[in-house]
Amino acid sequence: MKSSYKPEDNLKHLMKLALVFGAFALVQCAPSAKQLKEAVEKDPSIMFVAIEKDPEKFIEVVNKAAQEAQKKQQEKMANEEKNQRDTEYANPLKPEIDEARVIFGKKDAPVTIVEYSDFECPYCTRGYQTVKQVKAEYGDKVRVLFKHLPLDFHPMAEPAARYFEAIAMQDHAKAEKFHDRVFENQGELKSGKEGFLKKVAKDVGANMAKLEKDLKDEKISKRIQGDMEEAQKFGIRGTPGFVINGISLRGALPFNEFKEVIDKHLAKK
Numbered sequence: 162m163k164s165s166y167k168p169e170d171n172l173k174h175l176m177k178l179a180l181v182f183g184a185f186a187l188v189q190c191a192p193s194a195k196q197l198k199e200a201v202e203k204d205p206s207i208m209f210v211a212i213e214k215d216p217e218k219f220i221e222v223v224n225k226a227a228q229e230a231q232k233k234q235q236e237k238m239a240n241e242e243k244n245q246r247d248t249e250y251a252n253p254l255k256p257e258i259d260e261a262r263v264i265f266g267k268k269d270a271p272v273t274i275v276e277y278s279d280f281e282c283p284y285c286t287r288g289y290q291t292v293k294q295v296k297a298e299y300g301d302k303v304r305v306l307f308k309h310l311p312l313d314f315h316p317m318a319e320p321a322a323r324y325f326e327a328i329a330m331q332d333h334a335k336a337e338k339f340h341d342r343v344f345e346n347q348g349e350l351k352s353g354k355e356g357f358l359k360k361v362a363k364d365v366g367a368n369m370a371k372l373e374k375d376l377k378d379e380k381i382s383k384r385i386q387g388d389m390e391e392a393q394k395f396g397i398r399g400t401p402g403f404v405i406n407g408i409s410l411r412g413a414l415p416f417n418e419f420k421e422v423i424d425k426h427l428a429k430k
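Shown next, in the form of structure tokens:
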């Protein structure tokens with residue numbers, strides 16, 4: 162599943178606008194929007210004349226416009242995240258919590274983090290490191306339910322997810338070790354492909370004959386598909402994504418973002 166949204170699309174569009182406004186800034190003072198539109202429609206070559214006249218100034222104007230565009234986009238996204246979070250505090254998301262699945266941490270922990278991840282995604286490796294920090298900070302107060310969101314441009318993401326679930330059918334502790342080993346050696350997953358997955362499975366003590374059989378189990382396919390559909394329902398289309406006691410966090414966010422949500426929940430408890 163691939164997100165159709167690309168933040169760079171907005172930036173490219175704004176860069177084009179900056180190109181036009183920047184060109185006019187070099188040849189006349191503060192044209193009105195109407196004047197600008199009319200002039201460019203009448204003679205598009207005016208932009209190129211302006212660029213040739215003072216290319217350094219043109220680049221300066223474009224860069225400044227791009228920086229302003231990025232700043233405004235970041236502010237907009239931050240406001241949207243805050244508004245969404247406020248909505249979710251009032252009406253928390255309700256991911257399925259299957260106690261039979263692999264859960265990292267104590268099952269009676271007051272805070273549950275549901276993680277939607279992709280074993281091949283570099284941002285998910287950053288998310289893995291942040292979750293490790295969260296677990297170290299909060300100990301038995303937090304548990305993590307690892308779910309799958311393999312993106313279609315990561316060819317080894319779904320095979321790795323299948324190995325994780327197949328090993329979990331044997332032993333949850335071995336599945337957790339497999340999870341950690343893959344994220345800590347993600348480069349080897351890309352280069353070694355399934356050979357690397359088999360090596361890690363063997364290293365963590367999986368029964369390889371049973372594993373080969375379980376990898377084909379339709380229950381694993383349904384579980385991965387269910388995770389993907391649940392993530393999409395919550396508006397999580399990229400990886401990693403998290404739902405902390407019903408509150409969503411999108412992306413490889415820093416520890417303090419997790420801390421804010423977790424502390425708020427623990428204060429209620």
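The numbers in the sequence shown follow this note's numbering, run straight up by one, and end at 430. All residues carry an ideal CB built from backbone N, CA and C; glycine is no exception. Quick caveat, the model's predicted, so the values are computed rather than measured.
> Would you call glycine 288 buried or exposed, if buried means 16 or more other Cβ atoms sit within 10 Å of its Cβ?
Replying inline: Sixteen is the threshold: when 16 or more other Cβ atoms of the shown chains lie within 10 Å of the Cβ of glycine 288, as they do, the residue is buried.
>> If I measure Cβ to Cβ from cysteine 282 and keep anything under 8 Å in the same chain, skipping five residues before and after, which residues do I get?
In response: If we look at cysteine 282 and ignore the five residues flanking it on each side, its Cβ neighbours are Leu312, His315, Ala318, Thr400, Pro401.
> Is it true that the CB of glutamate 337 sits closer than 9 Å to the CB of arginine 384?
Replying inline: At a Cβ-Cβ threshold of 9 Å, arginine 384 and glutamate 337 do not count as neighbours.
> Where lysine 308 and histidine 333 are concerned, what is the direct C-alpha to C-alpha distance, given to the nearest angstrom?
Replying inline: Lysine 308 and histidine 333 have their alpha carbons spaced roughly 14 Å apart.
> How would you label threonine 248, buried or exposed, when you count the other beta carbons within 10 angstroms and need 16 or more for buried?
Replying inline: Exposed is the call here.
> Under the DSSP definition of a beta bridge, which residues are partnered with glutamate 276?
Replying inline: Glutamate 276 pairs with Phe307, Phe403.
> With aspartate 301 and lysine 268 assumed to form a contact (beta carbons below 8 Å), what rounded beta-carbon distance in angstroms separates them?
Replying inline: Not confirmed; about 10 Å, so no contact.
> Leaving out five residues before and five after glutamine 331 in sequence, what residues of the same chain have Cβ atoms less than 8 Å from its Cβ?
Replying inline: Ala367, Asn368, Lys371, Leu372, Asp375, listed in sequence order.
>> My assumption, with CB atoms under 8 Å, is that valine 272 sits in contact with isoleucine 423. Please give the rounded CB distance.
In response: Rounded to whole angstroms, the Cβ separation of valine 272 and isoleucine 423 is 5 Å, and the two are in contact under 8 Å.
>> Give the list of continuous alpha helix (DSSP H) stretches no shorter than 4 residues that lie fully inside the region 216-259.
In response: Counting whole runs of 4 or more residues, the region 216-259 contains the alpha helix (DSSP H) stretches 216-251.
> Is the Cβ-Cβ distance between aspartate 364 and leucine 310 less than 9 Å?
Replying inline: Cβ atoms of aspartate 364 and leucine 310: not closer than 9 Å.
>> Could you check whether leucine 350 and phenylalanine 357 sit closer than 9 Å to each other, using their CB atoms as the reference points?
In response: Cβ atoms of phenylalanine 357 and leucine 350: closer than 9 Å.
>> Considering only their Cβ atoms, is the gap separating histidine 426 from isoleucine 408 smaller than 9 Å?
In response: Yes, they are a contact pair.
>> Less than 9 Å between the beta carbons of phenylalanine 403 and phenylalanine 419, yes or no?
In response: With contacts defined by Cβ atoms closer than 9 Å, phenylalanine 403 and phenylalanine 419 form a contacting pair.
>> Please return the same chain residues whose Cβ sits closer than 6 Å to the Cβ of arginine 323, not counting the five positions on each side in sequence.
In response: Here the set comprises Leu376, Ile381.
> Would DSSP call leucine 175 helix, strand or coil?
Replying inline: Its pLDDT being 47, under 50, leucine 175 is placed unreliably in this model, and the coordinates cannot settle the point.
> Which residues mark the beginning and the end of the beta strand (DSSP E) in which isoleucine 408 is found?
Replying inline: For isoleucine 408, the enclosing beta strand (DSSP E) covers residues 408-411.
> Does DSSP put phenylalanine 395 in a helix, a strand or coil?
Replying inline: Phenylalanine 395 falls in the coil class under three-state DSSP.
>> Run through the DSSP bridge pairs and tell me what isoleucine 264 is partnered with.
In response: Under DSSP, isoleucine 264 forms a beta bridge with Leu306.
>> Quick check on this structure: which residue in Ala321, Val263, Glu298 has the alpha carbon closest to the alpha carbon of phenylalanine 280?
In response: The residue with the shortest Cα to Cα distance from phenylalanine 280 is Ala321.
>> With H, G and I counted as helix, E and B as strand and the rest as coil, what does DSSP make of asparagine 417?
In response: Helix at asparagine 417.
> Could you give the residue range of the alpha helix (DSSP H) that holds glycine 366?
Replying inline: Segment: none, glycine 366 is in no alpha helix (DSSP H) and carries neither H nor E.
> By DSSP, does aspartate 204 sit in helix, in strand, or in coil?
Replying inline: Coil.
> By the 10 Å Cβ neighbour count, where 16 or more other Cβ atoms means buried, how is asparagine 240 classified, buried or exposed?
Replying inline: By the neighbour-count rule (16 or more Cβ atoms within 10 Å), asparagine 240 is not buried but exposed.
> Using DSSP with H/G/I as helix, E/B as strand and the rest coil, what is alanine 270?
Replying inline: Of the three classes helix, strand and coil, the one that applies to alanine 270 here is coil, per DSSP.
> Are the beta-carbon atoms of phenylalanine 395 and proline 205 separated by less than 9 Å?
Replying inline: The answer is no: Cβ separation not under 9 Å.
> How would you write the range of the alpha helix (DSSP H) that proline 283 sits in, first residue to last?
Replying inline: That run of the alpha helix (DSSP H) goes 283-299.
> Hey, out of Val305, Asn224, Thr291, Ala200, whose CA is closest to valine 263's CA?
Replying inline: Its Cα nearest to that of valine 263, the residue Val305 stands out among Val305, Asn224, Thr291, Ala200.
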